[in-house]
Structures are given as structure tokens and as C-alpha cells.
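What follows is a short report on a single structure.
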Amino acid sequence: MFVRFALNADLHFSRELPPEAVEAVAKTVQEANTTLFRRGVPAEATEEQIGKITRWSADGSVVSLKIESGPYTRAHDALFRFRRSIVRAMGRHRLGLRDIRITAFRVLLPDELPDAAIPKVPFITTVHRLPGAVELELDCSASDLENRVPDRIVRLIEEKKEALSYGGKVEHWELVFESGAKPRVYSGNPTEEMLARGWIRHGASRGQWIYAPQAVQLFRALEKIVIDEIVTPLGFSEMIFPKLVPWEVWMRSGHAKGVYPEIYYVCTPKTRDPAYWEEIADYFKVTGKVPVEQIRERLDGPIGGMCYAQCPPFWPFVQGETLANDSLPVLVFDRSGTSHRYESGGIHGIERVDEFHRIEILWLGTAEQTIETADRLHEAYVRVFEDLLDLEWRSAKVTPWFMAQEGMVGGSGSAEVGTRDYEAYLPYSDSWLEFQNVSVNGNKYPKGFNVKIQSGADCWSGCSGIGLERWTAAFLAQKGFDLSKWPEAVARLVGEPKEVFRFL
Ligand code: SER
Ligand code: ZN
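Structural data, given as C-alpha cells:
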């Protein structure tokens, strides 16, 4: 059994077809079925697997077609191949094609699919369950068919079916490195201790902290270690990536496939005319309340969301470009702002928050250069965690971050492409905290943003996200708050914690 497609289409011409034009249609149909539709089809394909015009008629200015296919020269592909030859043939009779109307489109999937595998998208109008198969009726225009909507629906159903078969299975996780146990000097919860010492306070928004000077001293010390020990010696240059990400970027990065439950959405005012907003301001002045519902009515968008993965909004910088061989690998990083994730019930201490600070390292080049850069980063991280921070940590191969963010689970695909998570031991909760990652993302981003290399080699990229809250949480959970017990380099960079605030 194989997937089948069937469509009915009416081709509207500029005027009534004279008999000689009808004869030409017959010839064009014949020619399409015997040669045109067979181009590019593998030799082993059987007759009924290949697209075919199984019925046609001409009535006035309209030619009606029924096209059926299996997986080769799918009915809709056949329609557009046929369009080219019928336009040429009718042109000789001075007839122009004005419009193509799709009057029916059916897909037969040879599988008893679970309901949950069938997407709720507007194109699917009817679902018929047959023994051992499901037949979908689609409402598609000719331009939907040119946009390959039926093929995308079939692929989506396959993906959903596969995701369902994973069921509750956990994400891929495979240990790569373990530092071994380190002396335990502290067993408290660092967030609680930071709160008690006045290093942090809750922000007004959910999952958000206000960091006092003492906490920032530690943040900046850790950041300095990243810059001096990792980023600078390896030759990375600082850039500033945008922090508002429009749909155009997430469509290309793949985030549009699944990130919706976690986005902080961004809207724009319908107009910046103060008169349009006067009522809203006046309502607040009179009641002391902000009329959120009425504000919503005055907004456009959402136009996208706030920074989520940090590297996607870099890519428009190189979009559509060809990179000179001698500029590669390109090594850059960004530390210019926050990332935002709607974490729902998952907020925990400073480790899991809705607003966080991260240094995002990004590189691109050939496959070899990309993999080599990831290896050099691994080595630099090992040095920092072992010699400078003296952490108890481990690393593991996990589901690539872009797959996880697109809502997919499972293995990592190719051996070289994938994410390595770095995890630190938290004595207070006897658990492991993912505090950063390094990924080789293959050609995913260069492909999505159409970036090429001068030599013609496949362009690859990688990225590594260093979470400052997570580094801090890991470090304090293991080293505690007695600075005399901290690794010397960190203590020196942090200095005496500054007590700027005293409350009465
Ligand atoms: N962009 C990657 C991520 O979101 C690394 O920071 O995990
Ligand atoms: Zn990234």
C-alpha cells in the first residue's frame, strides 16, 4: 500500500474552445500520461504509483481534469506540469489560461492513524476512516497546491505519528565525561542564602530577579573568566544580536514549528497617535487600574517574541550571503541582553527563571571547522571547570537543542550534529543542573538563512550558551558563601561583596 492523491480541477480559458483546440487537449493529455508525468520517476515504479489524468472533458471555455497518483508525480505536481504544456498548446489556438480551480482533493493514507496524528488545520475538511486506511478531503486552492500543502500535511502526519510512538519516553541522554566527586563544603540552597543576604530580590514579573551588587560582582567575575579564558584566547569577537525576534526569523530557524507555549509575545500599538491612547491613560488616572482588555483591542501583532534562543536573530546579518574562504571560521559571541521563556510551573530559584542572562557563542564555517571549534571549546571549558572553578560536573550528549525547541524528542541523528549539555552537581538537592551547552548544528541554520561558502563546501554552524544564573547557582551550591573557601581566582575577581543597601 502507498499514499494516494486524487484531484479534480477546472481550467478556465479566455474563451470557448473550438473543436480543433479540444483535439489538441486530447493530444496533450495523451502526451502527459505517456511521457511528461514519467520524467524523473524511478524505473521500478508501478503504473498506478505514477500520476495520470484518468478523466477529462471540455465544456465551453472550461477543461475539467481528474488526476490520480501514488507517490510519484503526485496529482498536484502532475497538474502543474500539465499546466505548462496545455498553456503552450492552447496558445497556438489563441486561448489563454485564466484560472485554475481545484474542485476536490483527496489523500489516502494506507494506515489506521490515531486521531491525535491528524492535525487540526483549516485545509482538512473531512476525515474518512476506512479499513486499514484514512482518507482526507482537503480544501486547497491552486496556490496552496503549488506551496505543497498536501505534501506538508502528509509529512506532518508522519511526524505526529512518530512522536506519539515515542510516548512518554525521555529525551536522549548519554554520558560523555564526568569530573568525579569534589570535596563538599556547603549543602545549602544558594537562592535562599542569596535572598537572606540581600544579594537578590524577586522582580515584579514572574520568574524574574533583581540582582544586587553582590550578586552582580559574582556574575561579572564569571563573565570575565569566560571572556579571558575561553572567548578571547579562542579568537571570538563580540557582536550585539537583537533581542526582539520577529516571526520571519523563527520561520527560518525552525522555532515557528513548536515554541509557542514558551514565548513572551511582543505587540505593537495600532497607532502612536496620542489621541488614540488618551482614553486608556485617562482610565488609569481615574481608577488607578490599567485597562488591559481595552489595550489589547488597540494592539497589532504579536509581531514575534522576546529573545528565546539568542542565536537565531544573528542570522539575518549573513542571510543570502556567500562567505569568503579566508574569513572562516567566523567566531563571534553576544552578551547584550536577556533571554525570556515562559516556564509555567517550572520556576525554581535562580536556576529556572523566565528572564535570564546568557553569553551566546556562535561560529560558522565548513563542517570540519565547525566540529574543530566545538572541540576547542570543550577543551577550554574543561580547563575552566577543573582548574579555575573546581566544579563537580559532567557532560552528556542530549537531544539537539533545536529539536527540543521544535518540540521533537529522540536521538541525535548524525554523529557529529548534536548538543552536549554540561551539568553541575547540586549538593542541596542531590541533583544535576544543566548550566550550559555546546552544539554542532550542522547545515540547519545556513540552509534556513541561505548562507553559502565561496569554495562551495557545505556551510555548518555551532553555538554554545553559557547561562550566568546557572553558572552562579552551580558555583554557589558547591562552594557556598565563605569566600575564603572559594577557588582563589574567583575570590580575587569578585572582591569583597558590597553592601550598598541597608533597610530599616
Ligand atoms: N541557542 C542555544 C539554546 O537555546 C544555545 O544557547 O540552547
Ligand atoms: Zn544558539
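Residues in the sequence shown are numbered from 2 upward in steps of one, following the working numbering.
Using N, Cα and C, we set each Cβ at its ideal position, and we do this for glycine too.
Keep in mind the model is a prediction, meaning the values are calculated, not measured.
Per DSSP, E113 is not a residue of any beta strand (DSSP E), being assigned neither H nor E. With a cut-off of 8 Å on Cβ pairs, the segment 218-236 is not in contact with the segment 291-301, counting fewer than three such pairs.
Note on geometry: alpha-carbon atoms of G408 and W402 lie some 10 Å from one another. Boundaries of the beta strand (DSSP E) around M307: L300 to M307. The DSSP assignment places 143-147 and 150-167 as complete runs of the alpha helix (DSSP H) inside the segment 116-179, in order along the chain (cut-off: 4 residues).
In this chain, R493 is not harboured by any beta strand (DSSP E); it is covered by the alpha helix (DSSP H) spanning E489 to V495.
Pairing V267 with R202, the inter-Cα distance amounts to about 26 Å.
A residue is called buried when at least 16 other Cβ atoms come within 10 angstroms of its Cβ; P115 does not meet this threshold and is exposed. A458 carries a coil assignment under DSSP once its states are collapsed to helix, strand and coil.
Between V26 and I125, the C-beta spacing is not below 8 Å. Using a cutoff of 7 Å, the CB of A405 does not count as near the ligand ZN, since none of the ligand's heavy atoms is closer than that. In this structure the segment 316-329 touches the segment 449-463; the number of beta carbon pairs closer than 8 Å is three or more.
Your pair I360 and F334 checks out as a contact, with CB atoms roughly 6 Å apart and the cut at 8 Å. Residues lining the ligand ZN by the Cβ criterion, that is a Cβ closer than 5 Å to any of its heavy atoms, are C312 and C464 in chain order. Judged by the Cβ position, R40 fails to qualify as a neighbour of the ligand SER at the 7 Å threshold, every heavy atom of the ligand being at least this far. Take the alpha-carbon of D11 and the one of G92: they are about 18 Å apart. Taking the Cα positions, L110 is about 26 Å away from L37. Put simply, of K486, G255 and R336 the residue whose alpha carbon is nearest the alpha carbon of F237 is R336. Taking 7 Å as the cut-off, one finds no heavy atom of the ligand SER near enough to the beta carbon of E470.
Looking at the DSSP output, H349 shares a beta bridge with R353.
V64 has its alpha-carbon roughly 11 Å from the corresponding atom of A22.
Cβ-Cβ separation between C308 and G338: approximately 6 Å, consistent with a contact (criterion under 8 Å). A Cβ-Cβ distance of about 5 Å is found for the pair T269 and G302, placing them in contact under the 8 Å criterion. With respect to Y187, Q479 sits close: the two C-beta atoms are nearer than 8 Å.
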